[in-house]
Structures are given as structure tokens and as C-alpha cells.
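Asker: Once you've had a glance at the structure underneath, I'll fire off some questions.
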């Protein structure tokens, strides 16, 4: 299995190749720039002048050779010079024509195929990175890390990687004894106290009340408290100016009645 660093490096390479393929296709479809066409035209004109000069020289050398005033080697050299000049002229003309002509259909198809192949490589690497990435289901804060970099992980026996929570607002989950269910309502004011608060009490209100009774899951430490009694779960919101409480802190919730009386459900 490739590491995340290797995959990210491969992605950068694939993106660069894809950009190069798109640039090559754009250049092909755009055709030659005007300055390139001007250079090719100038080279054609120079090659034509050289050819005309070589042809004239050959005509002169041919006349002299027929009069036996020059050697055959000198005449043959003039022929070669004319042939080289003609070849250079034809090459220059061909280059100028190619720059002026639209791209060939097979060249366009090849450029398009190169772009598609490069984009396919990018998508493949992105999918590999996606399979190696972990996405949080919510915005929040990582409270605890259970897995470290380089550790093996199996989907056969999955285990948690992180503990994540939204800490922008703190809530308290309180269990209400079945005997006190009818004394709790939404919006009801509460007081929260804990040994960690040094006697200070925080204010809050009931935000949610469960629709179903459940088994008691919080122990008060009181031997007289029955652990098999059904309870109703309520969620309490702290008031805006209340100090944030550490997650997992055990507190006691006092539910205030309309007459300012207080009853204490189990912690």
C-alpha cells in the first residue's frame, strides 16, 4: 500500500501532466503564432534566393564546362549546390505551409486522447487518496486519538480512530427517575452543581426530553439508590454566560419548579 505522501506526490505529477496535455492541445488547435509564421516566411524567402543564386551559378558553370574551361569536379559541385539549395527551399516551403494549415484530424484526436488519459490518471490518484482519507461527520474538536500514523487497521475488526465532539456548545445529559417524570418539562430552569465548581452553581434549562424510558446508566454512589429503576433522559443547555464544563464531568442537576421548589433527580 502506498503512503499518503507518495499518493500526494503522484497527484501533483498527474496534475502537471494533465496541464501539459491541455496546453499542447490548445497550442495545436490555436495553430502557429503570427511571429512563427513570419519567421517561416522569411526563411522561405531566404531559401528561394539561395536557390536562385545556385541555379544561376550552375547555368554559368554548365556553359563553362561545355567550353571545357572548368573541370568536371567544379561542374559537379555546382550541381550539388543547386540540389542542396532546392532541398532547403522545399523544406522551408513545407514548414510554412504546415504553420498556415489547420491541424490534421488525427493530430487533434491524438491530443484529445492525451488529455483524457491524463485526466484519467488524476482521477485514479484522487480516488486512491479518497480511500485513504478520513472525513469527520461533523465540525468539531478531536478529544482523543486512538490510532497513530503507521499503525495497521483492519475493517474486519474495526475500532475507533478518534473521539470527536462539537464543543461550541456544552450540554448535560440528566437521568430523571420514573417517579419524577411528570415534574419535568421543556424550558424548565435548572441549577447545576459539582465538586469541581467549588460550591458555585450554574444555570441552565431543559432543551430536550426523551420520548422513551430506559435503563439507568449513571450511578450516584448512594447504596440506597436502585440501579434497576427506569429513567427518562433529558438534555440540559447551559446559559450563555455559564462557564464551559469539561466533557465527561459528573454533575448534579436540580430541577426548579414554578414555585422555586427544588427536587434532585439522581446524578
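Numbering (my numbering), first residue to last: 1 to 267. Ideal Cβ placement from N, Cα and C applies to all residues, glycine included.
1. Measure the CB-CB distance between residue 46 and residue 78 and report whether it falls below 9 Å.
2. Can residue 305 and residue 143 be called in contact, C-beta distance under 9 Å?
3. I'd like the list of long-range same chain contacts for residue 70, defined as Cβ closer than 8 Å, with 5 residues on each side in sequence excluded.
4. Could you give the C-beta distance for residue 149 and residue 244, rounded to a whole number, given that I count them as a contact under 8 Å?
5. Hey, how far is the Cα of residue 58 from the Cα of residue 21?
6. Where does the unbroken beta strand (DSSP E) through residue 204 begin, and where does it stop?
7. Note down, in chain order, each residue of its chain lying with its Cβ closer than 8 Å to the Cβ of residue 256, except the 5 sequence neighbours on either side.
8. Let's see if you can read the secondary structure: which residues bound the alpha helix (DSSP H) around residue 38?
9. Drop a sphere of 10 angstroms on the beta-carbon of residue 82, count the other beta-carbons inside from all chains shown, and report buried for 16 or more, exposed for fewer.
10. With a CB to CB cut of under 7 Å and the five nearest residues on each side skipped, what residues in its chain are close to residue 44?
11. Mark residue 269 as exposed unless 16 or more other C-beta atoms lie within 10 angstroms of its C-beta, in which case mark it buried.
12. Sort 38, 218, 205, 212 by Cα distance to residue 235 and report the nearest one.
13. For the beta strand (DSSP E) containing residue 192, list its first residue and its last residue.
14. Given a cut-off of 9 Å on the beta-carbon distance, is the pair residue 140 and residue 166 in contact?
15. Suppose you measure from the CA of residue 98 to the CA of residue 134; what does that come to, to the nearest Å?
16. Along the alpha helix (DSSP H) that carries residue 173, what are the first and last residues, could you check?
17. For residue 24, which residues from the same chain have a beta carbon less than 8 Å from its beta carbon, with the 5 sequence-adjacent residues on both sides left out?
18. Is it true that the CB of residue 54 sits closer than 9 Å to the CB of residue 84?
19. Do you know offhand how far residue 16's Cα is from residue 34's?
20. Helix, strand or coil: which one does DSSP assign to residue 87?
21. Give the straight-line distance between the Cα atoms of residue 231 and residue 177, rounded to the nearest whole angstrom.
22. On the criterion of 16 or more Cβ atoms from any shown chain inside 10 Å, does residue 202 qualify as buried, or is it exposed?
23. Rounded to whole angstroms, what's the CA-CA distance from residue 118 to residue 151? Just pull it up for me.
24. Have a look at 116, 121, 154, 145 and flag the residue whose alpha-carbon is nearest the alpha-carbon of residue 132.
25. Would DSSP call residue 16 helix, strand or coil?
26. Cβ of residue 156 within 9 Å of Cβ of residue 11?
Answerer: A quick look at the data gives this:
1. On the chain shown, residue 46 is found 46 positions in, with the first residue counted as 1. On the chain shown, residue 78 is found 78 positions in, with the first residue counted as 1. It is not a contact, given that the beta carbons lie outside the stated cut-off.
2. In the structure as shown, the chain begins at 1 and stops at 267. Residue 305 is therefore absent and cannot be evaluated.
3. Position 70 of the chain shown, counted from the first residue, corresponds to residue 70. Once the five neighbours on either side are set aside, the close Cβ partners of residue 70 are 61, 64.
4. Translated into the one-based positions of the chain shown, residue 149 becomes position 149. Translated into the one-based positions of the chain shown, residue 244 becomes position 244. No, residue 149 and residue 244 are not in contact; Cβ-Cβ is about 30 Å, not under 8 Å.
5. Indexing the chain shown from 1 puts residue 58 at position 58. Indexing the chain shown from 1 puts residue 21 at position 21. If I take the Cα positions, the gap works out to 49 Å.
6. Here residue 204 corresponds to residue number 204 of the chain shown, with the count starting at 1. Secondary structure note for residue 204: its beta strand (DSSP E) is the uninterrupted segment 202 to 209.
7. Taking the chain shown and counting its residues from 1, one reaches residue 256 at position 256. Excluding residues within five positions, the ones whose Cβ falls inside 8 Å are 188, 189, 190, 191, 262.
8. Working through the chain shown from its first residue, we reach residue 38 at position 38. Residue 38 -> alpha helix (DSSP H) spans 34 to 66.
9. Along the chain shown, read from residue 1 onward, the residue named residue 82 stands at position 82. Around the beta-carbon of residue 82, 16 or more other beta-carbon atoms lie within 10 Å, marking it buried.
10. Mapped onto the chain shown, residue 44 falls at position 44. Same-chain partners within the cutoff: 92, 93, 96.
11. Past the edges of the chain, shown from 1 to 267, lies residue 269, and the structure says nothing about it.
12. Working through the chain shown from its first residue, we reach residue 235 at position 235. Ranking the options by Cα distance to residue 235, first place goes to 205.
13. Along the chain shown, one-based indexing puts residue 192 at 192. It spans 189 to 193 - the beta strand (DSSP E) in which residue 192 sits, taken as one unbroken run.
14. Mapped onto the chain shown, residue 140 falls at position 140. Mapped onto the chain shown, residue 166 falls at position 166. Yes, these two residues count as a Cβ contact at 9 Å.
15. The residue you call residue 98 lines up with position 98 of the chain shown. The residue you call residue 134 lines up with position 134 of the chain shown. Rounded to whole angstroms, residue 98 and residue 134 show a C-alpha spacing of 53 Å.
16. For the purposes of this step, residue 173 is taken as residue 173 along the chain shown, with counting starting at 1. No alpha helix (DSSP H) contains residue 173, which is instead part of the beta strand (DSSP E) from 171 to 177.
17. Here residue 24 is taken as the residue at index 24 of the chain shown, counted from 1. Within the same chain, residue 24 has close Cβ partners 111, 114.
18. Locating residue 84 in the chain shown gives position 84, counting from the first residue. Locating residue 54 in the chain shown gives position 54, counting from the first residue. Their beta carbons are under 9 Å apart, which means residue 84 touches residue 54 by this criterion.
19. Reading the chain shown from its first residue, position 16 is the one you call residue 16. Reading the chain shown from its first residue, position 34 is the one you call residue 34. Computed Cα separation, rounded: 28 Å.
20. Against the chain shown, residue 87 aligns to sequence position 87. Residue 87: helix per DSSP, three-state reduction.
21. Within the chain shown, residue 231 is the residue found at index 231, counting from 1. Within the chain shown, residue 177 is the residue found at index 177, counting from 1. Near 5 Å, if we compare the C-alpha coordinates of residue 177 and residue 231.
22. Translated into the one-based positions of the chain shown, residue 202 becomes position 202. Answer is buried; the Cβ neighbour count reaches 16.
23. Counting from one through the chain shown, the residue named residue 118 turns up at place 118. Counting from one through the chain shown, the residue named residue 151 turns up at place 151. Roughly 33 Å between the two C-alpha positions.
24. Position 132 of the chain shown holds residue 132. It is 154.
25. Here residue 16 corresponds to residue number 16 of the chain shown, with the count starting at 1. Residue state, collapsed to three classes: helix.
26. Mapped onto the chain shown, residue 156 falls at position 156. Mapped onto the chain shown, residue 11 falls at position 11. No. Outside cutoff.
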